[in-house]
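Residue numbers (our numbering): 53 to 166. To start, the structure under review is shown below, and the notes come after it.
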(Lines of atoms letter the chains of each structure in order from A and count residues from 1; the text may use other names and numbers.)
(Lines give C-alpha, C1' and ligand atoms only; values in the text may rest on other atoms or scores of the structure.)
Protein backbone atom coordinates (compact mmCIF):
# COMPACT_ATOMS: atom_id res chain seq x y z
CA UNK A 1 0.00 0.00 0.00
CA UNK A 2 2.81 2.45 0.81
CA UNK A 3 4.39 1.83 -2.59
CA UNK A 4 1.05 2.64 -4.20
CA UNK A 5 0.90 5.92 -2.25
CA UNK A 6 4.42 6.72 -3.51
CA UNK A 7 3.31 5.95 -7.08
CA UNK A 8 0.36 8.34 -6.76
CA UNK A 9 2.52 11.09 -5.25
CA UNK A 10 5.05 10.65 -8.03
CA UNK A 11 2.46 10.76 -10.79
CA UNK A 12 0.90 13.93 -9.33
CA UNK A 13 4.06 15.57 -7.99
CA UNK A 14 3.27 19.04 -9.35
CA UNK A 15 -0.22 19.00 -7.88
CA UNK A 16 1.04 17.95 -4.44
CA UNK A 17 3.87 20.49 -4.63
CA UNK A 18 1.39 23.30 -5.29
CA UNK A 19 -0.80 22.13 -2.39
CA UNK A 20 2.21 21.89 -0.06
CA UNK A 21 3.31 25.35 -1.17
CA UNK A 22 -0.11 26.83 -0.36
CA UNK A 23 -0.30 24.99 2.96
CA UNK A 24 3.23 25.78 4.16
CA UNK A 25 3.88 29.11 2.45
CA UNK A 26 7.01 27.92 0.73
CA UNK A 27 8.01 28.20 -2.95
CA UNK A 28 6.47 25.57 -5.23
CA UNK A 29 9.96 24.82 -6.56
CA UNK A 30 11.15 23.88 -3.07
CA UNK A 31 8.17 21.63 -2.43
CA UNK A 32 8.61 20.03 -5.88
CA UNK A 33 12.34 19.39 -5.51
CA UNK A 34 12.65 18.63 -1.77
CA UNK A 35 9.49 17.92 0.23
CA UNK A 36 7.42 15.77 -2.11
CA UNK A 37 10.37 13.76 -3.54
CA UNK A 38 11.58 13.11 0.02
CA UNK A 39 8.11 11.96 1.05
CA UNK A 40 8.04 9.63 -1.99
CA UNK A 41 11.43 8.23 -1.00
CA UNK A 42 10.26 7.69 2.60
CA UNK A 43 7.08 5.91 1.52
CA UNK A 44 9.14 3.53 -0.65
CA UNK A 45 11.78 3.01 2.04
CA UNK A 46 9.29 2.18 4.78
CA UNK A 47 7.16 0.04 2.44
CA UNK A 48 10.20 -2.17 1.88
CA UNK A 49 11.69 -2.02 5.38
CA UNK A 50 8.62 -3.56 6.96
CA UNK A 51 9.18 -6.69 4.86
CA UNK A 52 12.37 -7.36 6.84
CA UNK A 53 11.07 -6.76 10.37
CA UNK A 54 10.58 -9.95 12.30
CA UNK A 55 9.26 -10.90 15.69
CA UNK A 56 12.07 -11.76 18.07
CA UNK A 57 12.87 -12.81 21.59
CA UNK A 58 15.86 -12.29 23.86
CA UNK A 59 16.71 -14.47 26.86
CA UNK A 60 17.80 -12.46 29.89
CA UNK A 61 20.03 -15.01 31.61
CA UNK A 62 20.58 -12.91 34.74
CA UNK A 63 16.86 -12.72 35.54
CA UNK A 64 15.77 -15.92 33.82
CA UNK A 65 13.21 -14.08 31.71
CA UNK A 66 12.45 -13.80 28.02
CA UNK A 67 11.65 -10.50 26.30
CA UNK A 68 9.38 -10.81 23.28
CA UNK A 69 9.00 -8.29 20.47
CA UNK A 70 5.83 -8.74 18.45
CA UNK A 71 4.71 -6.49 15.65
CA UNK A 72 1.01 -6.80 15.06
CA UNK A 73 -1.76 -4.22 14.59
CA UNK A 74 -3.13 -2.83 17.83
CA UNK A 75 -5.66 -0.25 16.67
CA UNK A 76 -5.76 3.49 16.12
CA UNK A 77 -2.86 5.85 16.82
CA UNK A 78 -2.88 9.61 17.13
CA UNK A 79 -0.21 12.24 16.70
CA UNK A 80 -0.68 15.63 18.32
CA UNK A 81 2.02 18.01 17.19
CA UNK A 82 2.96 21.33 18.77
CA UNK A 83 3.82 22.55 15.25
CA UNK A 84 0.91 24.52 13.79
CA UNK A 85 2.00 24.16 10.16
CA UNK A 86 2.75 20.48 10.05
CA UNK A 87 4.00 19.89 6.50
CA UNK A 88 3.29 16.77 4.47
CA UNK A 89 6.82 15.40 4.72
CA UNK A 90 7.13 16.06 8.45
CA UNK A 91 3.66 14.69 9.14
CA UNK A 92 4.41 11.43 7.36
CA UNK A 93 7.82 11.15 8.99
CA UNK A 94 6.26 11.51 12.44
CA UNK A 95 3.44 9.08 11.71
CA UNK A 96 5.74 6.47 10.15
CA UNK A 97 6.47 4.55 13.38
CA UNK A 98 2.75 3.87 13.73
CA UNK A 99 2.57 2.02 10.40
CA UNK A 100 3.61 -1.48 11.51
CA UNK A 101 1.36 -1.50 14.58
CA UNK A 102 -1.69 0.59 13.72
CA UNK A 103 -4.68 0.03 11.56
CA UNK A 104 -5.32 3.76 11.27
CA UNK A 105 -3.41 6.90 12.26
CA UNK A 106 -4.69 10.44 12.76
CA UNK A 107 -2.66 13.63 12.88
CA UNK A 108 -3.55 17.03 14.27
CA UNK A 109 -2.12 20.08 15.95
CA UNK A 110 -2.27 20.92 19.62
CA UNK A 111 -5.14 23.33 20.43
CA UNK A 112 -2.81 25.29 22.70
CA UNK A 113 -0.51 26.20 19.80
CA UNK A 114 -3.19 27.26 17.29
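Every residue, glycine too, gets a C-beta built ideally from N, C-alpha and C. Given the structure is predicted, the values throughout are model-derived calculations rather than measurements.
Starting from the C-beta of residue 108, find all residues in its chain whose C-beta is less than 7 Å away, skip the five residues before and the five after it, and write them out in chain order.
Only 121 meet the Cβ criterion.
Would you list the one or two residues that DSSP bridges to residue 117?
Answer is 112, bridged to residue 117.
Determine the direct distance from the alpha carbon of residue 119 to that of residue 104, and round the result to whole angstroms.
Cα to Cα, residue 104 sits roughly 20 Å from residue 119.
If distances are taken between C-alpha atoms only, which option among 102, 94, 115, 114 comes closest to residue 143?
Measuring from the Cα of residue 143, the nearest candidate turns out to be 94.
For residue 96, which residues of its own chain have a beta-carbon under 8 Å away from its beta-carbon, when the five flanking residues on both sides are left out?
54, 55, 58, listed in sequence order.
Between which two residues does the alpha helix (DSSP H) carrying residue 89 extend?
Where residue 89 is concerned, the enclosing alpha helix (DSSP H) stretches over 88–101.
Go through its chain and collect everything with a Cβ distance to residue 83's Cβ below 8 Å, but skip five positions before and after it.
Excluding residues within five positions, the ones whose Cβ falls inside 8 Å are 68, 69, 70, 72, 73, 76.
State the Cα-Cα distance for the pair residue 86 and residue 110, rounded to the nearest angstrom.
C-alpha separation (whole angstroms): 40 Å.
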